[in-house]
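Student:
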Amino acid sequence: MTGNGTNIRIPAAGDPATRAARILSDVFAPAVSVFLICVLCGVTGHPHTWVGLGWGILIGSFCAVIPTATIHVAVRREQLTDRHVTRRDQRWWVFLVCVASVLGGMATAVLLDAPRPLLWILPTMVVGLVLAGGVTLLGPKVSMHAFCFTSLVVLAAMRLSPWWLLALPTLLPVVAFARLKLKHHTRLELALGSGLAAAVMLGASAYMPTAG
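Take the sequence shown: its position 40, counting from 1, is numbered 1048 in the numbering used here, and each next residue is one higher.
1) What does a CB cutoff of less than 7 Å around A1214 pick up in its chain, not counting 5 residues either side in sequence?
2) Going straight from the alpha carbon of I1079 to that of I1045, what length do you get?
3) Counting Cβ pairs closer than 8 Å, one from the region 1082-1095 and one from the region 1049-1064, do we hit at least three?
4) Given that a residue counts as buried once 16 or more other Cβ atoms are within 10 Å of its Cβ, and exposed if not, what is N1015?
5) Mind reading off the beta-carbon distance from G1113 to C1071? Whole number of angstroms is fine, and I expect it under 8 Å.
6) I'd like the ranges of any beta strand (DSSP E) spanning at least 3 consecutive residues and lying wholly in the region 1071-1144.
7) Got a sec: is the Cβ-Cβ distance from A1164 to anything in chain D below 7 Å?
8) Does the region 1160-1169 come close enough to the region 1195-1209 to have 3 or more Cβ pairs within less than 8 Å?
9) Going straight from the alpha carbon of M1209 to that of S1041, what length do you get?
10) Go ahead and pull the three-state DSSP assignment for H1153.
11) Just reading off the alpha helix (DSSP H) that S1202 is part of, what are its end residues?
12) Going by other Cβ atoms of all chains shown within 10 Å of its Cβ, with 16 needed for buried, is R1017 buried or exposed?
13) Between the C-alpha atoms of P1131 and E1086, what's the straight-line distance to the nearest angstrom?
14) When you compare the region 1180-1190 with the region 1028-1037, are there three or more beta-carbon pairs, one atom per stretch, that lie closer than 8 Å?
15) Would you identify the three-state DSSP class for G1147, choosing helix, strand or coil?
16) Would you kindly report the start and end of the unbroken alpha helix (DSSP H) that includes S1033?
17) Who are the near neighbours of L1196 in its chain, counting only those whose CB is closer than 8 Å to its CB and skipping five residues on each side?
18) If we call anything under 7 Å between Cβ atoms a contact, is F1036 one with H1153?
19) Tell me the rounded alpha-carbon separation between G1142 and I1129.
20) Let me check understanding here. Comparing Cα to Cα, which of H1054, H1056, R1099, T1057 lies closest to P1075?
21) Quick one: using the 10 Å Cβ neighbour count with 16 as the cut-off for buried, is M1009 buried or exposed?
22) If you reduce the DSSP assignment to three classes, tell me which class K1189 lands in.
23) M1216 to R1167, Cα distance in whole Å?
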């Protein structure tokens, strides 16, 4: 599919490069990056690593597992064409599901007194989803693969070490290859996803807590 949802010729599934692109698209899927974002915030935000990991998994279930399960059910019911939601006209309600699920995670985090980094990242996710969703519905189809992966890398650089930024020039081209090979995005849409993510994360960094 192209950015406007029209039909185009997809590379044969038997092509080794296409098979690799499909695998990479799953490895770098938005849900994977989002789940790791939650785990990272949980682990680095709590003095006890295993407790922080538990928090990350709990909140990650709201932010990644529930939306992914919803998408898979919708695909099986033929309400969506594919699990990566490549058609623009099908994305609006998926964004709504994601926002609602993140808000559910936010309510849980507040009620149960989650580590502060999780309380910080959840509204940041909502802002990112609203921004990416708005741009997608009104303009180019933002690559959520690039958006979520860039967010993860920038977060790791802020919470762990600036050296993590090296993952962007190293692995972002891999993500771009996969999405371009499958013809699910254009270079502009990939660049837009990465750029928006960097802007959101850097803007939110002013409010990032330093401890749990």
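Where is the CB? At the ideal position from N, CA and C, for every residue including glycine.
Tutor: Taking the coordinates as given:
1) none
2) 20 Å
3) no
4) Caution applies to N1015, whose pLDDT of 45 falls short of 50 and renders its modelled position unreliable; the value that the coordinates give is listed next. Classification of N1015: exposed, given that the 10 Å Cβ count is below 16.
5) 5 Å
6) none
7) Within the model displayed, chain D is absent; a lone protein chain is all it includes.
8) yes
9) 14 Å
10) helix
11) 1195-1212
12) Low confidence applies here, because R1017 scores a pLDDT of 48, under 50, leaving its location unreliable and the question unanswered by this model.
13) The alpha-carbon separation between P1131 and E1086 amounts to approximately 31 Å.
14) yes
15) coil
16) 1024-1035
17) P1148, listed in sequence order.
18) yes
19) Roughly 20 Å separates the two Cα atoms.
20) R1099
21) Confidence is the limiting factor: at M1009 the pLDDT is only 36, short of 50, which leaves the residue's position unreliable, though a coordinate-based value still follows. The residue is buried, with at least 16 neighbouring Cβ atoms inside 10 Å.
22) helix
23) 9 Å
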